[in-house]
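Asker: So the sequences go chain by chain: A, B, C and D.
Each residue of the first sequence is one higher than the one before, counting from 0 in numbering that gives the first Met the number 0.
Each residue of the second sequence is one higher than the one before, counting from 0 in numbering that gives the first Met the number 0.
Each residue of the third sequence is one higher than the one before, counting from 0 in numbering that gives the first Met the number 0.
Each residue of the fourth sequence is one higher than the one before, counting from 0 in numbering that gives the first Met the number 0.
All C-beta atoms in this analysis are idealised placements derived from N, C-alpha and C, irrespective of residue type, glycine included.
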Amino acid sequence: MFDYVWLLVAFPAAGAALLLTWGKESDRFGHLIATVASALSFVWGLVLFIGLLGRDGDDRSITDSLFTWFSSGAFHVEMSLVFDPLSALFVLLITGVGTLIHVYSIGYMEHDERRRRFFAFLNLFIAAMLTLVLAGDYLVLFLGWEGVGLASYLLIGFWQHKPSAAAAAKKAFVVNRVGDLGMALALMLMFAQFGTTSIQLVNDSVGSASAGVATALGLLLLLGACGKSAQVPLQSWLLDAMEGPTPVSALIHAATMVTAGVYLVVRSSGVYDASEVARTAVVVVGLVTLLVGAYIGCAKDDIKKALAGSTMSQIGYMMLAAGLGPYGYAFAIFHLITHGFFKANMFLGAGSVMHGMNDDVDMRHYGALRKAMPVTFATFGLGYLAIIGFPGFSGFFSKDKIIEAALGENLWVGLAALLGAGVTAFYMTRLMAMTFFGEKRWRDEVHPHESPRVMTIPLIVLAAASVLGGLLLLGDWITDWLEPVVGHTEHHELAVPPIVISLIVTAVVAVGVAVGWFTYGARAVDDTAPTKVSPFTRAGRADLYGDAINDVVVVRPTMALARGLEWFDRRGLDAFAVGVGSRLGELAQGLRRSQTGYVRTYALGIFIGALVLTLALMAVTF
Amino acid sequence: MNEYLALSMILFTIGAVGVLVRRNAIIVFMCVELMLNATNLALVSFSRQHGNLDGQLAAFFVMVVAAAEVVVGLAIIVSIHRARRSVSVDDAHLLNL
Amino acid sequence: MSSLLPSVDLLSVDRPPIPAPELDYLLLSPLLVVAAAALIGVLVEAFCPRGPRFVVQTALAGVGALAALVLSVVVYTELDVVEGAVRGIGETTGDGSVVIDGPGVITWMMLAVFGLLGIALFADRKLEGGLSSFTGRAADAPGSADEAEAQRRGVEHTEVFPLAMFALLGMMLFATSNDLLTMFVALEILSLPLYLLCGLARRRRLLSQEAAMKYFLLGAFSSVFFLYGAALAYGYAGTFSLAGIEAAVVGRSGDDALLLAAVALMAVGLLFKIGAVPFHAWTPDVYQGAPTPVTAFMSAGTKAAAFIALMRVLFVSFGGVAWDWRPALWVVAAITMVVGSLIAIAQSDVKRMLAYSSVAHAGFLLVGVSGAFGGNEGGNDITSVSSVLFYLTVYGLASIGAFAVVMLVRDAGGEATHVSRWAGLGRDQPLLAGSFAIFMLSFAGIPLTGGFIGKWGVFAAAWSGGYWPLVVIGVVTSAIAAFFYVRMIVVMFFTDAEEGGPTVAVGGVATTVVIVLAAVGTVALGVLPGPALDLVQHAGAFVR
Amino acid sequence: MLTLLAATPLVGALLVTLLPRGDAAAQRRAKYVAFAVSIVALGLSLGLLAGYDVESGGYQFTVQEDWIGQLGAHYALGVNGIGLTLILLTSILTPIVILASFNDVLPGRRSANSYFAWMLVLEGLALGVFAATDVFLFYVLFEATLVPIYFLIGSYGGEGRQRAAVKFFIYNLLGGLLMLASVVGLYVVSRDAGEPSYLLSDLMALDIDGTTEKLLFVGFFAAFAIKAPLWPLHTWLPDAAKSATPGTSVLMVSVIDKVGTFGMIRWCLEIFPNASEWASPVVMVLAVISIVYGALAAIGSDDIRRLIAYTSVSHFGFIILGIFAFTTTSTAGSVLYMFNHGLSTAALFLVTGVMIARRGSASIGAFGGVQKIAPVLSGVLLVAGLSSLSLPGLAPFVSEFMVLAGTFTRSIPLATIATLGIVLAALYILIMYQRTMTGPLQPQSAVVTDLDAREVGALAPTLVLIIGLGFFPQPLLDVINPAADRVVERVGVGDPPPETGVAPPSDDDHEGGH
C-alpha cells in the first residue's frame with residue numbers, strides 16, 4: 000500500500016480543481032475542503048514516512064511510475080514520483096507547515112470575498128510543490144517548479160485590484176522565467192547528453208560525461224535555482240512578492256517554495272559532485288545573497304520586507320551549505336527545515352500583528368505590542384531566538400553546522416558566514432524591538448488586539464517546532480537519514496573543536512543582539528523613517544539598487560526594443576511590403592501615361608517595336 | 000536586284016514616317032497605301048529574282064486588299080468627319096490612359 | 000500557290016490548260032458555311048423587308064455559326080493521322096493554301112462557339128428598349144436631329160450580323176492558312192469587318208468612332224508590316240508556302256538577314272493582333288470604345304485566331320531558327336505580362352481594365368508559345384500548341400462572359416463602366432456578381448477555374464522548353480494581376496453601394512444564357528479539364 | 000471515408016446557404032444547422048481516429064482515382080498520423096468557432112447564413128488539404144482556401160477589413176503562385192522520368208537532380224513560409240487578425256496557417272529531402288528570428304489582436320524550427336505543437352474576442368481591472384495565456400520542449416536563443432493580462448460583462464483539451480510518432496545519439512513493488 004505516492008499530490012490537486020470549478024455555493028465551506036485536503040496529504044505523508052522508517056537504509060525509496068508523460072524518438076519521460084528520505088522530509092515540511100497555514104488562513108482571510116479562490120490556489124501550490132519534490136524526472140520536477148511559480152503568481156497577485164500586487168506578481172513570474180531559461184537549457188543538455196531527463200539516471204551518469212558538461216549542467220541548474228530561491232542576481236522579485244497576503248508569504252516565500260532552489264541543488268548532488276566549478280559558483284551565490292539579504296533586512300521598515308530580506312539571507316546559508324558538497328547537503332536541508340519552521344512562524348506572527356494593526360506593515364507605526372498581543376509576541380519571540388541561533392533553539396544547531404562546514408572549507412567563506420550570523424542577530428533584534436518593545440507609535444484609529452484562536456494555534460505549533468527542530472540533529476539522525484540520497488558525509492577535521500566554533504558564533508550573535516537592542520530597543524524610534532540617512536542605508540532601502548539595475552540593464556532596453564520592433568514591423572517591414580505594392584501602383588500610373596490617346600504615338604510604338612525586334616533578331620545572329 | 004529592294008525599303012520607310020508625322024487621317028491612310036505599294040515592289044522584284052510568278056500574283060492580291068481597305072477606311076474617316084468636322088488624327092484622343 | 004499558275008512565260012502562245020485547284024469540300028465545309036451565311040446575310044440585307052430583318056439576320060448568323068461548329072466536329076473526326084517527323088492529324092487542301100489539321104479544326108470549333116456567343120450578345124434588344132446595341136444609322140452625326148429621328152423610327156443596322164460572319168470567316172481562315180498570302184488575305188477579312196463593327200456603338204458614338212479609326216489606322220499599319228515580312232520571306236525562300244519556307248530555312252538556302260527580318264516583321268503584324276506589348280496600344284482604346292458585344296466577340300476570337308496563326312508561322316516555317324526568335328519572344332512575353340498587369344492596376348473603367356487584362360493574358364499565352372515545346376519522343380505531353388489552345392478556350396469563355404456582364408450593369412447613360420459604380424453589386428445581384436467573380440477568379444488563375452489549368456499548361460510548356468525563369472516571372476505577374484481582379488470582387492461584395500447605384504438591366508434570354516454558359520464552362524474546365532485537355536492534346540502538332 | 004468527411008461541411012455549407020435568410024429566427028436556424036453540420040464532421044473525424052491503426056502508421060483510408068490524367072493529377076486522399084492530427088484539430092475547432100461566433104455582429108445587413116456557410120466551406124477545404132496525397136489536389140485546395148478566408152475577412156470583418164482582405168489574398172496568392180511554378184516544374188521533372196504523376200508516392204520515388212530540387216523546394220517553401228508565417232514574410236498576419244472576426248482569426252491562424260507547416264513536412268521534406276537539408280541552416284535561423292522577433296513585437300503591441308498574431312509568429316517559429324531540426328523528437332514536437340497552438344490560440348482569440356466586442360475597442364489601454372467584474376472571463380484568459388507561454392502542465396509546453404530539446408541536439412546556439420522565447424512569452428502574456436484584468440476597474444471597462452453560458456460552452460472544450468493534453472499528450476503522440484519517424488528517416492539525417500549513454504533502467508529500480 001505504500002506505493003500510492005501519487006495520493007500525496009492528488010489530495011490537494013483535487014481540492015484545487017474542486018474549488019476552482021465549483022460555484023458560489025461552495026464559498027461557505029470551500030476553505031474547509033482545502034484544509035482537509037492538505038491535512039490528508041500530511042497524514043498520508045506521515046504514513047509513508049513511517050513506512051520508510053521501517054525499512055533498511057538502502058531500501059528507503061519508493062518509486063511510483065504513474066504513466067508515460069510523453070515519449071517520442073529517443074525522448075521518453077515517465078511521470079514518476081519518488082518518495083525517498085529527501086523528499087519525505089520535504090513532504091512533511093510542505094504538508095505540515097502548509098496545513099497549519101491553511102488553518103491560519105481561515106481566520107486571516109475570513110473577510111475576503113474571494114477566500115474560496117485563495118484556498119484553491121493554496122491547494123494548487125501544495126500539489127505543485129509536492130510534485131516538485133517528489134519528481135523522479137527533471138521534467139516532472141520542472142512541471143512542479145512551474146506549478147509553484149504559477150501558484151506564487153496567483154497568490155502574490157491575489158489582491159489584483161492593487162496595481163502594485165499585480166505588478167509584483169508579474170515580476171515574480173518573469174524573473175523566475177529567466178531562471179527557468181537555465182532550467183530548460185539544463186534539461187535539453189541532459190537530453191542531448193544522456194538521452195534522458197530522469198533524475199536518477201542523469202546523476203548516475205554525469206560522472207562519466209566530460210567535466211564541461213557537468214559544469215554546464217551545474218551552472219544552468221544554479222540559474223534556475225537562483226530564480227526560484229531569490230538568489231543574486233535574480234533576487235529582486237522576492238521583496239515585491241510581499242504584496243501577497245501574509246500566509247502566502249509565510250508558506251511560499253519563506254518556508255517552502257523559495258527553498259526549492261536548495262532542493263534542486265541537493266537533488267542534483269551527482270552533478271555538483273562532478274564539477275568543482277559549479278560547486279564554487281553555488282557557494283559564491285549563496286554567500287553573496289546571504290550578505291545582501293542581511294543588509295537589506297537591516298534597512299527595511301516594512302516588517303514583511305525585513306523578513307523577506309532575512310529569508311534571502313537564510314537561503315543564502317542553505318545554498319552556501321549545498322555548495323560545500325556532500326558534507327554540506329544534509330546541513331543545507333537541515334537548515335532549510337528549521338528555517339521553514341521559524342520563518343513561517345515569524346511571518347504568520349507578522350501577519351497576526353498586521354491583522355491587529357489594520358494591515359499596516361510599517362514597523363515605525365508599531366511598538367510595545369507585546370502586551371496587546373501576548374500570544375503573538377511569545378511565539379514570535381521563540382522564532383526570533385531560533386533564527387538568531389540562541390543556543391538550544393533549532394537555528395542554533397542548523398546555522399552552527401553550516402558555519403562550521405564553511406570554515407572547514409575556506410576560512411574567508413566561514414568568516415563571511417559568521418558575519419552574516421551577527422548581522423542576522425542585529426536586524427532581527429531591531430525588528431523585535433521596533434515591533435514589540437519601546438513606545439506605542441500606533442496610529443489613532445488602530446486598536447491592536449490578539450488574533451483569533453484559529454490563527455494563534457498554528458503560531459503555537461510552529462513556535463514549538465522552531466524550538467524543537469534541532470532535535471533532528473540528535474545522533475546525527477538527519478545526516479544518516481539523507482545519506483542514501485546525498486551520499487556519505489565525511490566529517491571535516493577542523494583546526495578547533497566544534498564547541499569552540501559554537502562559542503564564537505554565539506559571541507558574534509550576542510554582539511549583534513546588543514547593537515540592535517541599544518540602537519532600537521533602548522532608544523526611542525522615529526515614527527517616520529528618517530530621510531537624512533547615509534548612502535548605505537539608502538542603498539539598503541532600495542534593495543541595493545537591484546531593481547534599478549534590472550531596469551536599466553534589462554527591462555528598459557527590452558521594452559524599448561519591443562516597441563521599436565513593433566514599430567519597425569509596421570512602419571518598416573510591412574511598409575516595405577506594402578511599399579512594393581504602392582511603388583508598383585505608381586509605376587502603373589507612369590506606364591499608364593504612355594497611353595496618350597494619340598494614334599500617332601501608338602504607331603510610333605509599333606514602329607519602334609518593329610525596329611527593335613528586327614535589330615534584336617539580327618543582333619543575335621550577327 | 001538590290002536596288003529595287005532598297006527602293007522598296009525606302010518607300011516603305013517614307014510611308015511609315017508619314018504615318019508617324021502627318022495629322023490628316025486621309026494622308027496617314029495614303030501613307031499606309033504607300034507602304035503597301037512598297038511591298039508590291041518588293042514582291043515583284045523577288046518574283047523576278049526567283050523566276051516564279053507567285054510574287055507578282057501576290058501583288059494583285061495586295062491591290063485588291065488595298066482597295067477594300069480604302070472602302071472601309073474612308074467610310075470610317077468620313078463618319079468621323081461628319082461628327083467632328085475634322086479629320087485630324089490628333090483631335091481624336093478621347094480614349095486615353 | 001506555286002502550282003496555281005504554270006510558271007511559264009505568259010506571253011507564250013502555247014498555253015497549257017489551267018488545272019482547277021483540288022478542293023476537299025467536306026474539309027472546307029465549315030469555312031464555306033460561314034462564308035455562305037455571310038453572303039446570304041448581304042442578300043438578306045438587300046431584299047428582306049425591315050420588319051423581320053433583324054430576326055432573320057440573327058437566325059441566319061446563328062445557324063451559320065452553329066453549322067460551322069457541327070461541321071467542324073465532323074471534320075475533326077475525319078482527319079487523317081499523320082505520322083513521321085511531325086505527329087498530328089489533318090491534311091492540306093486547296094493546292095496547299097489551306098491546312099485542315101488538329102489545332103486548326105479545334106480553333107474552328109472554339110471560334111464557332113465564340114461566334115455563337117457573340118451573336119447572342121449582338122442580338123440582345125432588351126437592354127436598349129427594343130433596339131440593339133448598335134447605332135441606328137451610322138451615317139448620322141452623333142447628337143444630330145437625324146440620329147434622334149432614326150432612334151425614334153427604330154432604325155437598326157442589321158448589317159452587323161453579316162459583318163460578324165465575315166470576321167468569323169476571316170478568323171477561321173487565318174487559323175488554317177497554309178501560305179503567307181492566304182494568311183494575309185484572311186487577316187484582312189477578319190480585320191475589316193471588325194473595324195466597322197467597332198464604330199457602330201449606339202451610345203457614346205464619338206468614342207466608338209474614334210476607336211474604329213484608331214483600330215483601322217493601326218491595323219492597316221501593322222498588317223503592312225506583316226505583308227512586308229511575308230514579302231521578305233518570299234524573297235528568302237521563293238515561295239509563300241509555309242512548308243516551302245520551312246524547307247528553305249532548314250536548308251539555310253538564303254540570306255539570313257532576309258530571313259530574320261522576315262520573322263521580325265511578320266511577328267510584328269501578328270503580335271499586334273494578339274495585343275502584345277509594345278504593339279498593344281490599340282487594345283484598351285478599342286475595347287473601351289467598341290460596342291460591348293463586339294468587344295466580347297473580338298477579344299475572344301481575334302486572339303484565338305491570331306495566336307494559332309502566330310504559332311503556325313513560327314513553329315512550321317521558322318521552327319528551324321527557333322533559337323533566334325525564342326529569346327526575343329521571351330522578352331516580349333515578359334514585358335507584355337508585366338506591362339499589361341501593371342497598367343490594369345491603375346484602371347478605373349471596367350472595360351479598359353478588361354482590355355489591359357487581355358494584354359496581360361496575351362503575355363501569359365506568349366509564355367506558352369515561347370516554350371516552343373513539341374512534346375517528348377513518344378510521349379503524349381502538354382505541348383505549347385495544346386496548352387495555348389486550352390488557354391485560349393478558357394480565356395475566351397471568361398472574356399465573353401465578363402463583357403456580357405458589363406452589358407447588363409447600366410445606369411441612365413448606358414453601361415456603367417466606372418468601377419465605383421459597381422459597388423455593392425454582390426448584395427443586390429449575387430448571381431450576376433457571382434458569375435463575374437468566377438470570370439475574375441479564372442482570369443486570376445485561381446484553382447477550380449479554367450484559368451488555373453490554362454496557366455498551368457502554358458507554364459508547363461515554357462518550363463518544358465527550358466524557360467523556367469519566365470515561369471517565375473509569370474507567377475509573380477499573376478500575383479500583381481490578381482490585385483485588380485480581386486479589387487473587382489472587393490468592390491462588388493465588400494463595398495456598400497453608392498447612392499443611385501447602377502441598376503442591373505434584365506438582359507435578353509440570350510445574354511443570360513451566354514453568361515451562364517460561360518460561367519459553367521469556366522468552372523467545368525477548371526474542375527474536370529480532362530476531356531478538353533484530351534482533345535487539345537489529341538490535336539497534335541501543326542500539319543504542313 | 001475521407002471524402003465523406005471533407006464533403007460533409009461543404010454540403011452543409013450549401014445547405015446553410017439555401018436556407019431562408021432574413022429574420023432573426025431564420026438566422027438562428029442557419030446557425031444551428033451550421034453547428035450541427037460541424038458536429039457531424041467532428042463525429043466523422045473521431046470515427047477516423049477510432050479506425051486509424053496506430054501501430055502500422057503510414058497512410059490509411061487511402062483513396063486514389065485518376066482526375067486529370069494529362070497532368071498526372073489524381074484525386075488521392077490518405078492520412079498518416081500528422082494529417083490525422085490536423086484533421087482532428089480542424090474538426091474540433093470548427094464547432095467551437097461556430098458556437099462562439101453565434102452572436103458576432105456582422106457589418107451592414109450581411110446575413111449570418113453566408114457567414115457560417117463560408118466557415119463550413121473553409122473547414123471542408125482544410126480537411127481536404129490535410130488529407131490530400133497528390134500535389135496537384137493539394138495545391139488546388141490550398142489555393143482554394145484563400146477564397147473563403149478572403150470573404151470572411153473582407154465581408155464580415157471589422158475596421159479596415161477590405162484592405163486586410165486584399166493584403167491577405169495577394170500576399171498568400173503570391174506564395175501560392177511561386178509554389179505553382181514549382182508544381183509545374185515538378186510535372187516536367189516527373190514527366191521526363193516517365194509518366195507524369197503528382198502522387199506523393201511517385202514523387203518520392205523520383206530522382207531529382209540537385210539544382211532542380213533546390214529550385215522546386217524554394218517555390219514550395221516560399222508558399223508555406225508565407226502561410227505559416229515565417230519572418231520576414233509574416234506582415235500580412237497582424238493586419239488580417241486585427242480586421243477579422245475572432246472566429247475567422249481562429250480558423251485562419253489555428254487551422255489554415257497550419258497548412259504551411261504541414262506542407263513543409265508533407266511536401267518539402269518528403270519530396271525534396273536533400274534540398275530541405277541544404278536549406279535547413281537558413282530556415283532554422285529564420286525560425287529563431289521569428290521566435291524572438293514575434294515575441295518582442297507582441298510585447299510592443301497595443302492592439303490585443305495584433306499581439307496574439309505576433310505571438311503566433313513566434314510560435315510558428317518554434318514549429319518550423321522543430322521541423323527543420325530533423326529529429327524525431329522535434330518533428331513529432333512540431334506536429335503536436337501545431338495541434339496545441341491551434342487550441343491555445345483559439346482560446347485566446349475567442350476570449351479576447353468577447354472582451355473586445357463588449358468593450359468596443361481592442362486596445363490594451365482600453366481595459367483595466369476587468370477581473371473584478373468578469374472573473375470567469377479573466378480566468379479563461381489567464382489559462383489561455385499561460386498555455387501560450389508554455390506553462391508546464393498545459394499542452395503547448397510538451398510540444399515546445401520537444402522542439403527545443405530536439406533542436407538542441409542539432410544546434411546549441413539556436414536552441415539557446417529560441418529558449419529566450421519562453422522569457423519573452425511570459426512578458427507578452429502577463430503584461431497584457433496585468434494591464435487588462437488587474438488593477439482598479441476602469442470606468443469604461445465596466446461594460447465588459449462576464450462570459451455567458453454559451454461562451455463558456457464554446458471555450459470549455461479548448462481549456463479541457465489544453466489541460467488534458469498537458470498531462471496526457473501520449474495518445475496523440477502515439478499517432479504522430481510513426482509518421483514523424485518516417486519523415487526524419489526520409490530526410491536521412493538521423494537522430495544524433497546521446498553523447499553519453501546511460502544504462503537502461505532495470506526493473507529493480509522500481510522498488511516498493513506494485
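DSSP state of Leu286(C), grouped into three classes?
Answerer: One point to set straight first is that residue 286(C) is Tyr, not Leu, in the sequence displayed. DSSP places Tyr286(C) in helix when its eight states are reduced to three.
Asker: If we ignore side chains and look at the alpha-carbon of each, how far apart do Ala75(D) and Ser204(A) end up?
Answerer: Looking at the two C-alpha atoms, the distance is approximately 50 Å.
Asker: What is the DSSP secondary structure of Trp68(A), counted as helix, strand or coil?
Answerer: Here Trp68(A) sits in strand by DSSP.
Asker: Is Arg543(C) buried or exposed, if buried means 16 or more other CB atoms sit within 10 Å of its CB?
Answerer: The residue in question, Arg543(C), is buried, as its Cβ has 16 or more Cβ neighbours within 10 Å.
Asker: Helix, strand or coil, according to DSSP, for Glu408(A) in the structure here?
Answerer: Reduced to three states, the DSSP call for Glu408(A) is helix.
Asker: Is it right to say Gln26(D) is buried, meaning 16 or more other beta carbons lie within 10 angstroms of its own, or is it exposed?
Answerer: Buried: at least 16 other Cβ atoms inside 10 Å.
Asker: Compute the distance between the beta-carbons of Val522(C) and Leu179(D), then report whether it is under 8 Å.
Answerer: Their beta carbons are not under 8 Å apart, which means Val522(C) does not touch Leu179(D) by this criterion.
Asker: Between Ala5(B) and chain A, is any beta-carbon pair separated by less than 8 Å?
Answerer: Cβ-Cβ to chain A under 8 Å: no for Ala5(B).
Asker: Quick check on the DSSP output: the beta strand (DSSP E) that includes Val76(A) runs from which residue to which?
Answerer: Counting along the chain, the beta strand (DSSP E) containing Val76(A) begins and ends at 74-82.
Asker: Are the C-beta of Phe595(A) and some C-beta of chain B separated by less than 8 Å?
Answerer: The question names Phe, but residue 595(A) is Thr in the sequence shown. It does: the Cβ of Thr595(A) has a partner Cβ on chain B nearer than 8 Å.
Asker: Report the three-state DSSP secondary structure of Asp506(D) (helix, strand or coil).
Answerer: Below a pLDDT of 50, predicted positions are generally treated as unreliable, and Asp506(D), at 40, falls in that range; the measurement from the model is reported next regardless. The answer is helix: DSSP assigns Asp506(D) an H, G or I state.
Asker: Using three-state DSSP, classify Phe60(D) as helix, strand or coil.
Answerer: Strand at Phe60(D).
Asker: What in chain B is Cβ-close to Gly413(C), meaning under 7 Å?
Answerer: Neighbours of Gly413(C) on chain B: none; closest Cβ ~15 Å, over 7 Å.
Asker: Is there a Cβ of chain C sitting closer than 8 Å to that of Arg591(A), yes or no?
Answerer: Closer than 8 Å to some Cβ of chain C, the Cβ of Arg591(A) qualifies, so yes.
Asker: With Thr12(B) as the anchor, note down where its beta strand (DSSP E) starts and where it stops.
Answerer: Not the beta strand (DSSP E): Thr12(B) falls in the alpha helix (DSSP H), residues 1-20.
Asker: Roughly how many angstroms separate the alpha carbons of Ala367(A) and Glu438(A), rounded to a whole number?
Answerer: Whole-angstrom Cα-Cα distance: 6 Å.
Asker: Quick one: Cα of His417(C) to Cα of Tyr309(D), how far?
Answerer: Approximately 39 Å between the Cα atoms of the pair.
Asker: Strictly by DSSP, which residues pair up with Val81(C)?
Answerer: DSSP output for Val81(C) lists Gly87(C) as bridge partner(s).
Asker: Distance, Cα to Cα, Glu146(C) vs Arg204(C)?
Answerer: Roughly 11 Å between the two C-alpha positions.
Asker: Beta-carbon of Ser419(C) versus every beta-carbon of chain D: anything under 8 Å?
Answerer: No, Ser419(C) does not count as interfacial toward chain D.
Asker: In or out: Ala502(D) buried (at least 16 other Cβ within 10 Å) or exposed?
Answerer: In this predicted model, Ala502(D) has a pLDDT of only 49, less than 50, meaning its place in the structure is not dependable; the value taken from the coordinates is given anyway. Its Cβ having fewer than 16 others within 10 Å, Ala502(D) is exposed.
Asker: Would you check if the distance between the CB atom of Leu157(A) and the CB atom of Phe124(A) is smaller than 8 Å?
Answerer: Note that residue 157(A) corresponds to Phe in the displayed sequence, not to Leu. No; because the gap between Cβ atoms is not below 8 Å, this pair is not in contact.
Asker: Determine the chain B residues that contact Phe239(C) at a beta-carbon separation under 8 Å, and present them in chain order.
Answerer: The contacting residues are Asp53, Ala57.
Asker: Distance cutoff 8 Å, beta carbons only. Does Gly578(A) sit that close to anything in chain C?
Answerer: So, not an interface residue.
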